[in-house]
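Quick notes on the structure that follows.
In the working numbering, the protein residues as written are 13 to 359.
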């Protein structure tokens, strides 16, 4: 056991689910929220009905709106803010941050304005090294985690000892945790798969069936790995839990906000209406914007991302986006790779 107290910021569905996992392993889990009424509900009724309806939470989860109370004396802080709010949350944490605290984040996205990964944003605000932050990712719907369905994730850090410590913080009989030193790859995979999940929802909304979705996931994973390797990630990470595993669960389940948003778009609903009806953040939409800009900057082909970007932001219809993908120039499936990359794959 790492400590008697750990802290989770913020009390959305995934933050609450991770707090529930931690509550099985630790004496006190503090869950920070900006909303007093949400804190009162969690403390008095042990529920978070807006995000996880019908679930009773462990009684050793203590909700608070006071950041100092949430963080003081905690040996580990798990940040689960939407990507759009990550910088502000990390900035608020800074006043109470201690260098000996373990920092973990479980947010899958980019800061759209800067195209920075979440570990970069956090390190800038806390004044720590990016490699000291641990990234938690993998196939894990909050709705299943809180029901104690078997779940397996990965924690990644350039500092292997910190990843091992985070592994010990979370692991139990219902929540298995692996470690990975490819922090960059795990973070990129977790963010970029949301784009392909949107595309899978679009495909289902259009009624295209299993053949189309299987192809979309396969070629989607190829372009995720392509840009990831270009940025310096280990290609093998994309066939692991943070890559293939998370892509499958996010692109095939009705629990997935990204899949649901894509399905509604495929049925012809406008983006504004889709977002209004969701009631929660759809990370894939912001991630598509950031990934499109990254692909242009790097000169890396991401054809699925490109088409989804034009559907979301440029008025292209989902059906015409499919036609554009199917009508691309003939390609070979296996792209040529350098000897250096080949040796890296087999090292």
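Glycine residues also receive a C-beta, built at the ideal position from the N, C-alpha and C atoms.
CB contact flag (residue 164, residue 156, <8 Å) = no
query = From 280, 45, 76 and 72, pick the residue whose C-alpha is nearest to that of residue 63; which is it?
reply = 45
inquiry  = Taking the beta carbon of residue 341 as the centre, do at least 16 other beta carbons fall within 10 Å, making it buried, or is it exposed?
reply    = exposed
request  = Assign residue 343 to one of two classes, buried (16 or more other C-beta atoms within 10 Å of its C-beta) or exposed (fewer than that).
outcome  = exposed
query = Hey, residue 11 and residue 79 are a contact pair by Cβ (cut 8 Å); roughly how many whole angstroms apart?
reply = The requested residue 11 is not part of the displayed model; the chain covers only 13 to 359.
query = Of the residues 93, 177, 37 and 279, which one's Cα is nearest the Cα of residue 219?
reply = 279
key: Other residues of its chain near residue 286: CB distance less than 7 Å, five sequence neighbours each side excluded   = 273, 276 and 277
ask   = Hey, quick one: how far does the alpha helix (DSSP H) through residue 26 stretch, first residue to last?
value = 25 to 35
Pairwise C-alpha distance: residue 120 and residue 93 = 10 Å
message = If contacts are defined as beta-carbon pairs under 8 Å, then residue 122 and residue 329 qualify, I think. What distance do you get, rounded to the angstrom?
response = So it is not a contact: roughly 26 Å between Cβ atoms.
Start and end residues, beta strand (DSSP E) containing residue 149 = 146 to 149
Residues that DSSP places opposite residue 192 in a beta bridge = 168
request  = Using the Cα positions of residue 14 and residue 178, report the straight-line distance between them to the nearest angstrom.
outcome  = Confidence is the limiting factor: at residue 14 the pLDDT is only 43, short of 50, which leaves the residue's position unreliable and the question unanswerable from this model.
message = Taking 8 Å as the cut-off, does the stretch 70 to 90 touch the stretch 25 to 42 (at least 3 CB pairs, one atom from each stretch)?
response = yes
ask   = Just how far apart, CA to CA, sit residue 104 and residue 130?
value = 15 Å
ask   = If you follow the beta strand (DSSP E) that residue 62 is part of, which residue opens it and which one closes it?
value = Segment: none, residue 62 is in no beta strand (DSSP E) and carries neither H nor E.
request  = Kindly indicate which residue of 101, 258 and 115 has the alpha-carbon position closest to the one of residue 88.
outcome  = 115
ask   = When burial is assigned at 16 or more other CB atoms within 10 Å of the CB, is residue 310 buried or exposed?
value = exposed
query = Helix or strand or just coil, what does DSSP make of residue 54?
reply = helix
ask   = Taking Cβ positions, are residue 366 and residue 182 nearer each other than 8 Å?
value = With the chain represented from 13 up to 359, any question about residue 366 goes unanswered, as that position is not in the structure.
ask   = Does the separation of the CB atoms of residue 283 and residue 256 fall below 8 Å?
value = no
query = How would you write the range of the beta strand (DSSP E) that residue 229 sits in, first residue to last?
reply = Premise fails: residue 229 lies in the alpha helix (DSSP H), 221 to 242, not in any beta strand (DSSP E).
ask   = According to the neighbour-count rule (16 or more other Cβ atoms, all chains shown, within 10 Å of its Cβ), is residue 266 buried or exposed?
value = exposed
query = Which ranges would you report for the alpha helix (DSSP H) in the stretch 71 to 130 if only whole runs of at least 4 residues count?
reply = 79 to 83 and 98 to 106
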